[in-house]
Every structure is written in structure tokens, then in C-alpha cells.
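4 protein chains.
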Amino acid sequence: MNFSSDNVSPICPEILAAIGAASEAALPYGADDASRQLDAAFSDLFGTTVAVVPVATGTAANLVGLSALVSPFGGVACHEAAHINRTESTGVAFYGNGAKLMTMDGPSGKLEPATLDAFLARENTHGMHSVDPECVAITQATEFGTIYDVDEVQAIGKTTRDHGMKFFMDGARFANAVAALECHPADITWKAGLDVLSFGATKNGAMAVDAIILFDPSLRGRVEKARKRGGHLFSKHRYLAVQLLAYVKDDLWLRNASHANIAAQALCRALETLGARAAFTPQGNELFMHMTDELAEHLRKAGLVFRPWPSIGPDAWRFVASWNSPIEAIRALPQTI
Amino acid sequence: MNFSSDNVSPICPEILAAIGAASEAALPYGADDASRQLDAAFSDLFGTTVAVVPVATGTAANLVGLSALVSPFGGVACHEAAHINRTESTGVAFYGNGAKLMTMDGPSGKLEPATLDAFLARENTHGMHSVDPECVAITQATEFGTIYDVDEVQAIGKTTRDHGMKFFMDGARFANAVAALECHPADITWKAGLDVLSFGATKNGAMAVDAIILFDPSLRGRVEKARKRGGHLFSKHRYLAVQLLAYVKDDLWLRNASHANIAAQALCRALETLGARAAFTPQGNELFMHMTDELAEHLRKAGLVFRPWPSIGPDAWRFVASWNSPIEAIRALPQTI
Amino acid sequence: MNFSSDNVSPICPEILAAIGAASEAALPYGADDASRQLDAAFSDLFGTTVAVVPVATGTAANLVGLSALVSPFGGVACHEAAHINRTESTGVAFYGNGAKLMTMDGPSGKLEPATLDAFLARENTHGMHSVDPECVAITQATEFGTIYDVDEVQAIGKTTRDHGMKFFMDGARFANAVAALECHPADITWKAGLDVLSFGATKNGAMAVDAIILFDPSLRGRVEKARKRGGHLFSKHRYLAVQLLAYVKDDLWLRNASHANIAAQALCRALETLGARAAFTPQGNELFMHMTDELAEHLRKAGLVFRPWPSIGPDAWRFVASWNSPIEAIRALPQTI
Amino acid sequence: MNFSSDNVSPICPEILAAIGAASEAALPYGADDASRQLDAAFSDLFGTTVAVVPVATGTAANLVGLSALVSPFGGVACHEAAHINRTESTGVAFYGNGAKLMTMDGPSGKLEPATLDAFLARENTHGMHSVDPECVAITQATEFGTIYDVDEVQAIGKTTRDHGMKFFMDGARFANAVAALECHPADITWKAGLDVLSFGATKNGAMAVDAIILFDPSLRGRVEKARKRGGHLFSKHRYLAVQLLAYVKDDLWLRNASHANIAAQALCRALETLGARAAFTPQGNELFMHMTDELAEHLRKAGLVFRPWPSIGPDAWRFVASWNSPIEAIRALPQTI
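Chains as they are written, first to last, in my numbering: chain A, 19 to 355; chain B, 19 to 355; chain C, 19 to 355; chain D, 19 to 355.
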């Protein structure tokens, strides 16, 4: 049982089948039939007109998407633990032509509206000496496995708008969030004032595709130019498209995510039974557990793979469940190890 | 029969099978078994120790690879028609942190050593006001379907080295060149002084992978950082690796390329029989043909797909054959249309 | 007699006096009285409302000014010999966040409208793969000492506008052009559709100041941010302002330039008398002369300082006259050496 | 009495005289006699061989100097209040081609060795996902008017070296620090392992010049290219050089700084007598005082100019003394207002 990350899981069968079925010649660079269905498919999914620009990695989706919302002189306000701040090299400045990350803290990996409001009020000097924030970015589900509820996203969106700023969401695990919240995807995106969403699929059953969802379709030209310049425009673009179409067909994205979430909850209970303690109340498919070295060693010997997470604490470990995690075997763990 | 580009062709069966077979959990970011075989596989293929850094697109392979060979204040000398100059947006400056393209002309899409020598002598002022070239880049096979022979690459390499510069090759159709030259891949790479090769697979049967081949493995750290920052590091890195391993196994890359080359030669003869004239002597899988509008229309009605190519002339058209082009049907064209 | 460049000349007395007179405490960063007079002074000079952003060097004026007219994905079309292309490192890409120089040739250092029109028509593909030109830049007076007449600037401006592009002028020697043309500065700037002018003063009697003149004052915010980020915002901004105010007061800028132009014409006649031949008909303060090595050596021994200019020819030399060149002594040269 | 900043003060007489005396023709771009004396003058001053690259602003000195010490993928560790972090737009990323600021807190505007040590240990992952710090930057005197003593700089330098990193100092008020410490300038620079110093003059009597001092002269080529590309290379370079030569001649830089420091100490005592309280023990020429609105208003009416400084507190104000602040009048303030 490998819980080291959700990116250790393979392609799920439906998406592999879609790749295999794309065996005809097709026009390149997004002019093929599958690619041309993307806007409609995601407009349906979100209940509003969106433009879709797919790329092969979540980092590319974040960086290319953000680049449309911030000037070379501006800042992106985010949580200190945000993936864009901690795990994407100097990519925000690279794609943003110098744009700066401006971080604040917040409990359980979440920005809080009041903190954000004070931060934006203090940092936005409307000047040229310092860097004014121009965009607020949150991660949903967060890097700590927690999930902003609908009201929380709406409140962050309102604060962001009140300060005249753009709103971006890193949705590498967006499916896990929607599945957990049982909300409509609109509720935590455009209805909360979101401009751009990085809609993850890679971690949740795809081979390699995340979609930049533009709730303001007029951003498409700029985003497509940034994608091309970044080397992210696939010539065989249909192979990105068919992954995404299969991913949203018949709610596969939500089914996969629900499976992973349920597996994570089950794992949490199993580990608690064995003596571990959750650092945050798990809501999606990521767990951060405090446990003794003895328990960790015991789990390893039983075949579980997972990683230490020292940024949370010396006794903290991360477990990530996937679309194909064996739920029954997880539930049986307290009895079987 | 679709000759609009080699990127209209689908994944070839061997590579699709390799993707499907990668169904186990595997470590991310290149730590998996398949990824760890890449260096050895390509070191075998080239007959020298290389480091391999795969990415999903040819543009990314070019831009990330080149970025290791030029400073923010330097230039990349290339043919005016080079893909990096004409078809990759402002990507060279982007990944090169400002590095400049410096172009010269040459017959049939090729740089000539004497022209290059004079160009480098004139432009390299060892100063700070103007831009000194720091790297020479060629495309093999060229953008005009021609191929540098072994002596030509060696001569370009020598001139480049004589001026103290780095040497890069855009090998989006490297397989077609090696297949046509019937040489060892070493002959037109490290034995000619090449530093970095962008080794194409996408156009020749893969889904989406090109490999940055570093003949100086000490460049790996810098290239991997540039790849990560550019958003090109796959989490499910094994899906890049298995494509490449299948591509070089049992000479699939050369078999696919030979097929495409033969198809292109056959198509050239068929079109000449029908009254067209080749703009350049075709050597790889790309043809540029002069023909009347009447003939073009006739071919279209017969089901051939191909594109006008006005940069060569108002009556010029491009045809590109692929790993799966139907050679017999192509040979029969003069009789069947 | 030093003709190696106009930047070898010292500060002219009026401007030195203005620097010395600025001895009071004054608010920094442009909030002082002198700085606040700049917009009005230059709006008067040009006969239209302009915004003025001063910097200390001509390269900074070009690069910061251009950066407001081109996107990171776009190109700046200019003459191959343009200072921005040949003598400003990779600065256009640096300040332009990747923007690319796209060059064409033209007689006597000038772009020709028909050439420009064909160039823009061919290069502007409205696409994302290649780089579309977004701005046209000319140098007035040109790098070869020639001067676009009013009709020529108007024609370039019209062609530029017809293609929907922005228009920039490198006016490092703008004063010499206006003095030679005896036109109103409006005639070759905003009345020709110019967006941004780099208005030179350093070469013509100032210590170190060139002004970015924005004929679209709404560009000010972006330009000021680019200036600050580039490190070009003076804290003691008044010392830029007082130089500029003194420079335009009582037509000092035109008097200095006329002096230099007359000196250059006189030098041309003197050198022709001695056997040299002008490469271009000199109009401003720069001369490019063909002459024998013997004559060059003779002139050197007589105390003249000047530079070889191999890009024009192996027997070509450049002479630049300044605001303080000794006209009478120049006229007497054929008799005195 | 204007205490709003030290950049409100004019050029001091010695430097103005030096500018006026530079009335001969001189070679451009640093080839003149004055410019060629800089390396020797500053090597004397520091007691070691240095290379000197002057620019016109402190921001340029910081940004160009730092750019030689950090890669596009690396970070610059500094105090949260550092000028490079708070007051230089996105300049560090701009000149650093994406390099990131990584901040920590510390009392009185200073980094503490233990904090720095823990920060570097935690942040330097030797990886490619996150940003590794590559350089430590401190400000001397600090943004809060405090001054690292010799031992403190040495300790920061040792920690920096122990982690294998480069060491940079923003010395916009370096003169005030040396004057206050009564140390040799070597003690807080190269003897503490410093690589690059931004040596300020503008705030302390010059018109517009700060010098990048390279204690590793092999950095010169790279720094000069960055300066040129940034538009900071003066054609009339001698006007930068003569300011610097006059500034260090006969210890003018220290005399000016001592004057300003003494004035600030006197002002502090005067304001304390009037009821204000220093936020930090003032050591250089900057004061941050807590006081009532009534006292502030009283001072304003008496003709003092100074600025609120809300980042320290709602009742905090900044006062900056200069080379020409009237010490006797300051001492008399409690009696005269």
C-alpha cells in the first residue's frame, strides 16, 4: 500500500482507454475534434461559459494560469505553505516576468478573510517602490489536506474583490474538494469570484493533464501565448483533450476523488486505532499524522509506504490516498498488522 | 492520406503498449525504475555517457536544453528558418533569461561552415555593448526536409569549437536524419562536438516525449532546475520514460523513421509523375513541392491533406510522411487519382 | 580635436550652472518643484500634452520606454543597424520580458515604408507559434548620421498605424534632427503617430539625462514602474529635472545641436578637401568617411581623434561633432594640417 | 529643518566642485582617467584588491550587484524589512532572472546568526522543487537606523560561509555605519567574508552615484554586462567617477557621515527632552521616534519636516539627518520651539 503520494498511482482504466482509442490522424495544436469539445464540456460542468487551456502538469497549469493575473511589478498573495510558494521553484517570477510571492500564515493551510483583508490593506500601497499585491491565490484542497468550505471560499473571494484584485485557485486536488463538500463546482469557483482555476487531473487518475479554466474567456489569447512560449503546447493536443474528456465524463473525476477521500478517512481511523493522531482534521485524500517512530516502523514493515513531513513536526508523516487505494484492506489494517 | 504534419499521426502500437503496461504504483519525479534506466539506454545508443532529461514537447526540449548553453547576455546563432527562431514564440529569450537569437541564411535550410565562421568572427566582439554569440544551433533534419551529412555536421561543429562556442542540435526529426544517413548517432552528435541534443520522439510515433540529451552530464543539475521551473517535470515521470524506452528498444525509432522517409521519397516520385517539382532534394520525411493550383486541387479532391508553404513560394506546398503512412497506396497514387 | 563621440564632450555651462543652483533641500523621487515642471515644459515644447519620465542614460530611455509598447510575446521591428539591436546588449528582451527584435535592412540607416509594410504584412501572423511584431522603432537621427525628413517619418508612422502597431523613436540625437530639419518637434513625433520618444540630452550638453516622452500620458504608471524596477528612479530626482529644464530653456537644445551639425558639415568639407569621401550625405553631427590609411594617419598626427567603423567598410571612419566643437578651427583644417 | 530623508539634501560642495572640474573631453564608458583610478582608490580604502562598478542609484547598485551572486533558481535570504525586499519593486527577481527573496525577522532590523543558521538549514534542501537560498544579504546601517557591530557582521558572515553561500551588503548608509563603529571598512566587509558591497554615496553628499564593490574582482565581467543590459552604463562615465573620487578623498565620506550621525544623536536627545521616545537605540543618521500627535504637530509648526512610519507603529515617525543638518540648531531645539 503506497501512500507516498497520489502521483504514484497509475492511469485509471477509463483514461487509458481514451488514449488508446485516439488512434486516428488528427489536426495538431488543439484543432482536433476532441480538443474542440473541451470548452463545451467544461462550460457544462461549471454551468457558465469558460475557456479551457490544458497542459501536462499541475505546476504548468498554476504558473501559466497565474501569469494572466499579475503584472511584472505585482504580487501574488498566498499562504506561506502554498505549493506555488514552496514547491514550484522560482516559477511564479519566471512566468510572471518578475511577479513576487507575498505570503501570510493561516491555520490548517487556509487563508482567513480577516488576515487577508489586513494583509491586502497593509501591502497595497498603490505605489511604485514596493510591490502591490494584484492577485490572491488559494489551494483547494489545501496543502494540509483541509478544504475550504463554500462560505470560506466565498468570503476569500469577496475580500479579494473588495481590494480590486484577481482571484486564482490551485486546484491540483479540486476534485477531492468538490467530492468532500458535495457542492456544485460553481459554488467554489466563479460564484465566489474566481478568475482562473488550475483544475487537476493528473493526481486523480489521468496520466498527465491539468486544465487551466478561464472564467473570463477573454484571457484565452494571453494564456495560450504564455503556454506556447513555455513549451507547453502539445502538437498531439488530442492526447491532452481525451484524458480530460474521459475524466469529466460520467463524473469519473468525482468518483475517483470520492474513492480517494473515503480511503483517506478509513486510513485515518485505522491509524488512530493504532495510536496515531491527525495533525489536521482530514477532509480530502491527504493525511498528516503524528505518531511514534515505533508505530511508523511497524507500518513500514507491514508494507505501507509514506513520507516524513518535518515542516509539520518531527513526529509527523504524510499519507496520500488515491483513486485506486484498497479501501477494504485499509479498513482491516488494525486487524492485519 | 494526411500529410499535413507528422504530428497528426497517432501513438504507434509499441509505445501505446508501454504506456498501458506501466500500471504499477511508481515513485514520482524520475525516481521510478523506468526513468532510472534512461541514462543507460541512451548511453548505449550513443556509445558514450550521457544524461537524459525528458520533457513532453519538442519546444520544451529545445528551450530548456538551450538554456544551459547561453548566458542572459549572449546569443544563439542559427539559421533564419530555424524552428527556435520562427516557431517557438519568444521562448529562447524566456528560458534564456534574455538570450538573443542571431540568424544567418544558408541554402536548403542549412548553415554553411564558411558563412558561420564569418558570422561568428564578425559578431563576437568580446564586449558588453553588443550581444556576443555563445552557442550555435542547427536543426537535423532541417526545417526544409534536408539533412546535414556527417561531414557537414562535423564541419559546423569544428567551426563552433574554433570560436569557443557551445553546440546545440534541434533533433525533432533526428531519427529521420540518422535513418537517412545510415550513420551511427554518435557521428553527428558528440563526435562532432555537440553539447546538447533535443532528441525527438513525438513526431515519430510517441504520444508526447522528447529527450534532452546532455553529452556533458555535468549540465544535468542546471537543466533539471530549468525543467522544474518551466513546469515540465512530470510527477508521473514514468510515462515519459516508458515512451522513450519503447522508442529506442529494438531500433523502433529508426524503423519508424525509415518508414516515414521511404513514404516521403515515394510520395515525391508520385507527385513528380503528376507534374510537381521538389523545392529541395528530399532526404527525410518532409517534402516541399512546387505545383499548380490545379494539381493541388486535384490532390485534395483525391483525399490528400497537405499545407501551403508560402515562405518558400506562392506555389509551394508541404507534405510530411509519418511512421504509419501507407507506402503502397502512395506509390499507386499516379494510377489511382 | 576629439571626434570620437559626442559623449566625450563635457557638460555645457548652462546645465552645469543649473546643477549647481539646485542647492536647496528638495523632496525626493520627483516630488520636487523642478521635477513637477517637466510635464508642462515638454508639453509646451511639443505642443501637446505629454508625460515626461527622465532617466540618466539613453539606453535606459530606450529600454524602459519600449517596454511599454510591446508584450512579452511580441516583437519590435527596427533597422538592422538600430542602436537597440546592435548596442544595447540583450536589453530589449530584458525590459520587454522576452520581447524580440525583428530587423530589416534599409538604405542609409533608414527604414523605408514599402519595406516596412511588406515586413509587417509577412511577419504578423496573428498567431501564437511565431512572434508578431507589435511595435516599430526608428532612430532619428539615424545611426549613420542621416535624418528622416518629415514626410518620411509621417510615412513610417502611417504604415505602422495601418498595421495596428505602436511607434517608438530612439531620439538620442533628436535635437540634431530637429535642428537640421528646421521643423517643429511635433512634426516628427505625435503628428506622425509616435507613441513614445526617447529624447536625448546626454550627447548634446547634459551630464546624464534622457527623457522618456509619452505622447499617451496614460502610459505613465507602467513606465514609472518599469523605471523603478530597473533601478533608474533617482532619489535626488531634481538633478535630472534641472538638467532637462535648462536643456530646453531658451532653445539651448537646438542651439547646441545646430552648433554640432554645423561643425560636422564643416568637418565634412574639410575632410573632402583633404581627399576623404562621405559614406552618407551627412545631415546631423555624425560623419562616416572613407579615406586612405595615409590620410587617417596624417589626421591623427595633427591631433584629431576619431574611430574606425568597419561595419561600413575597411576604409571607413566615424567623426562626431559636439556642442563645443571648434568650428573655426575645423574650417581651417585643410590649411593648418 | 528637513528630516524627511537624507536624499533631500543637495550635493556637497566638494563633489559639486569635482563635477564642475571635469570639463575636458574624456573617453566614454569608463575608459577616462578618473574612472580608471577607481579600482586603486577603493582598493586603498578597503586594504585589498577590489573591482569597482559605479552606477547612479542605490537600487541599481543593489540589484546589479546581487545579480552576480544568485542563480535564476535560487534565493536571497534577508531581513523582512530589507530595502531589497520592501522598497525595490520586483527588482531582485528582474535582475536575478527570477531569483527569489526569502525573508526572516530579527530585532532592530538585524539578522541574528542563530536565526539565520536555522533558516538556512531548513530552507536549503539541495533540491529542485523548492528554492534554495544561495546568498545572504544584510543592510548596514539597517533600515531601522541600527548598526551591526563588527562581531555581528563577522558572525553573519561565518554562518553564511558555513552554509556555502554568498554574502552581500546593502551599504546605502555604509559610511554612517563605519563612522559610528570607528572601525576599518575592511572589518565589516571582506574580513567578514563579504563578496559584494553596495557602497552608497548618494544619500551622503553625492549627486547620484553608488558603487558596486566586488571583493572578488573576477565577478567584474558579469557585473559589467548586467550593468550595461540594465541601462546603467554611463557614456559620460567620468561624472560617476569624479563624484566617487571626491567622496573618498580626505575621508569626506566619513566626515559627512559623522556629521549626520552626530546630528541624529543630537536630534534624538532633543526629541527625548521634548517627550518623544526612540523605537531603537539610534546609531547612525536615522531615528524612529514614538511621540504623541500633539508633539508631532508642534514640531511641524516649528518647521521640522519628517515622516510617519506606520510599519513600526501608529505613533512612530522617522527623522533622517544629513551631511548638512544644522547641529547647533538641533541641539537648541528644546529651547527654541
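We put the beta carbon where it would ideally sit given N, CA and C, even for glycine. Quantities reported herein were computed from a predicted structural model and do not represent experimental measurements.
Residue contact with chain D for B/Asn-279: absent (no Cβ-Cβ distance below 8 Å to any residue of chain D).
For B/Lys-118, the residues of chain C that pass the 7 Å Cβ criterion are Thr-108, Ala-111, in the order they occur in the chain. In this structure, the straight-line span from the alpha carbon of A/Arg-179 to that of A/Pro-131 is close to 12 Å. The segment 156 to 169 of chain D makes contact with the segment 180 to 197 of chain D; the number of CB pairs closer than 8 Å reaches 3 or more. If you look at C/Leu-134, you'll find it in the alpha helix (DSSP H) that goes 131 to 141.
Under the Cβ distance rule, B/Pro-151 does not count among the residues neighbouring chain D, no pair being separated by less than 8 Å.
If you check each beta-carbon in the segment 121 to 155 of chain B against every beta-carbon of chain D, the ones closer than 8 Å belong to Met-146, His-147. Taking a Cβ-Cβ cut-off of 9 Å, the neighbours of C/Thr-105 in chain B comprise His-147, Ser-148, given in sequence order. Using a CB distance below 7 Å, the part of the segment 41 to 54 of chain C facing chain D consists of Ser-41, Glu-42, Ala-43, Ala-44, Leu-45, Pro-46, ordered along the chain. CA-to-CA, the gap between A/Arg-318 and D/Gly-145 works out to about 25 Å.
A/Val-149 and D/His-101 have their C-alpha atoms some 12 Å from each other. Contacts between C/Phe-306 and chain A, judged by CB atoms closer than 7 Å, are missing: the closest CB pair is about 39 Å apart. B/Ala-334 is bridged by DSSP to B/His-308. If the five residues before and after A/Thr-77 are omitted, its C-beta is found closer than 7 Å to the C-beta atoms of Glu-106, Gly-109, all from its own chain and listed in chain order.
Counting along the chain, the unbroken alpha helix (DSSP H) around B/Lys-176 starts and ends at 168 to 180.
Under DSSP, A/Pro-326 forms a beta bridge with A/Trp-335. Less than 8 Å divides the Cβ of D/Ala-40 from the Cβ of C/Pro-28.
Sequence-distant Cβ neighbours of B/Gly-218 in its own chain, meaning closer than 8 Å and more than five residues away, are Gly-76, Ala-79, Gly-189, Ala-190, Arg-191, Phe-192, Ala-193, Asp-228. Below the 7 Å Cβ cutoff, chain C contributes Met-146, His-147 as neighbours of A/Lys-246, in chain order.
At the C-beta level, A/Phe-91 and C/Lys-243 come within 8 Å of one another. Taken in chain order, the complete alpha helix (DSSP H) segments of 4 residues or longer contained in the segment 25 to 104 of chain B are 31 to 39, 51 to 54, 56 to 64, 76 to 85, 101 to 104. The distance from the Cβ of C/Met-183 to that of C/Leu-129 is about 13 Å, inconsistent with a contact at the 8 Å cut-off.
Restricting attention to A/Ser-253, A/Ala-297, A/Thr-66, the CA atom closest to the CA of A/Thr-207 is found in A/Thr-66. For B/Lys-243, the chain A residues whose C-beta falls within less than 8 Å of its own C-beta are Ser-107, listed in chain order. In chain order, Arg-240, Lys-243, Ala-244, Lys-246, Arg-247 make up the part of chain C whose C-beta sits under 9 Å from the C-beta of A/Phe-91. Residue-level contact by beta carbon holds for A/Ala-78 and chain B, with a gap shorter than 8 Å. Using a C-beta cut-off of 8 Å, the segment 304 to 322 of chain C makes contact with the segment 277 to 290 of chain C, since at least three inter-stretch Cβ pairs fall below that distance. Out of C/Pro-151, C/Asn-103, C/Lys-246, C/Glu-200, the CA that lies nearest to the CA of C/Arg-273 is found in C/Glu-200. Among the CB atoms of chain B, none fall inside 8 Å of the CB of A/Phe-337. D/Cys-201: not part of any alpha helix (DSSP H); DSSP gives it neither H nor E. Of all alpha-carbon atoms in C/Gln-353, C/Glu-346, C/Trp-341, the one lying nearest the alpha-carbon of C/Asn-25 is that of C/Trp-341. Boundaries around A/Glu-346 are those of the alpha helix (DSSP H), 345 to 349, since no beta strand (DSSP E) includes it. By the C-beta density criterion, B/Lys-221 is buried, having at least 16 other C-beta atoms within 10 angstroms.
The distance from the Cβ of C/Gln-172 to that of C/Ala-204 is about 11 Å, inconsistent with a contact at the 8 Å cut-off.
Close partners of C/Asn-115 in chain A (Cβ separation under 7 Å): Pro-90, Asn-115. Close partners of A/Ile-37 in chain B (Cβ separation under 8 Å): Ile-29, Leu-34, Ile-37, Met-225.
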